[in-house]
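Just so you know, we're using our numbering here: the sequence shown kicks off at 1 and counts up by one. Written out below as C-alpha cells is the structure these notes cover.
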Amino acid sequence: MYAVIKTAGKQYKVSEGQVLRLPTLQGEVGSSVEFGEVLHLGGDNPVLGEPTVANASVSAKIMRHGRDRKILVYKFRRRKGYEKMRGHRQGFTEVRIESISQGK
Numbered sequence: 001m002y003a004v005i006k007t008a009g010k011q012y013k014v015s016e017g018q019v020l021r022l023p024t025l026q027g028e029v030g031s032s033v034e035f036g037e038v039l040h041l042g043g044d045n046p047v048l049g050e051p052t053v054a055n056a057s058v059s060a061k062i063m064r065h066g067r068d069r070k071i072l073v074y075k076f077r078r079r080k081g082y083e084k085m086r087g088h089r090q091g092f093t094e095v096r097i098e099s100i101s102q103g104k
C-alpha cells in the first residue's frame, strides 16, 4: 500500500518503512508526526481524494534533522563590474514512514 501526502506545499509518494527527507518539520528526534493531508491511497483498493481522503492519515517517526549540501548562487552582468555570490543550505528532516491508515 502507498499514499500520496502533501506537506510544505509539496507532494510525496510514500510507503510503509520508507525513509525520506522533507523540509524542516517541528519536533524532537524520536517523536512521531502525523500527516493528515492524504491526497491518494493506492494498493488493492485505490482511493482518490477530493481533494483529500477523509479520515486517512500517515504516521512517521522523526529520524534526524540536518542541513543539505551548500548550493552556490552566482550572479553577474558582463562588462558592468557587477558580480555577487551567495550560498544556501536547505534544512531538512529525515522521517521513516511507520503506518498508513485509511480510517473508515
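Virtual Cβ for every residue (Gly too), placed ideally from N, Cα, C.
CB-CB length for residue i against residue j, believed under 8 Å
i    : j   : result
R61  : E98 : First, the residue type needs correcting, since residue 61 is Lys and not Arg in the sequence shown. With 8 Å as the limit, K61 and E98 qualify as a contact, their Cβ atoms being about 6 Å apart.
V19  : R96 : 5 Å
I5   : L41 : No, I5 and L41 are not in contact; Cβ-Cβ is about 10 Å, not under 8 Å.
G103 : N45 : 14 Å between Cβ atoms; not a contact.
E8   : V58 : The sequence given here places Ala at residue 8; Glu does not occur at that position. At roughly 14 Å, the Cβ-Cβ gap does not stay under 8 Å, so A8 and V58 are not in contact.
M85  : Y74 : 5 Å
K100 : E28 : The sequence as given places Ile at residue 100; Lys does not occur at that position. Their Cβ separation, rounded to whole angstroms, is 23 Å, which puts I100 and E28 out of contact at 8 Å.
G91  : T24 : 4 Å
Q: Tell me the start and end of each unbroken beta strand (DSSP E) in the segment 5 to 93 that is at least 3 residues and wholly inside, in chain order.
A: The segment 5 to 93 contains, as complete beta strand (DSSP E) runs of 3+ residues, the segments 10 to 15, 19 to 23, 32 to 35, 38 to 42, 57 to 67, 71 to 77, 82 to 88 (chain order).
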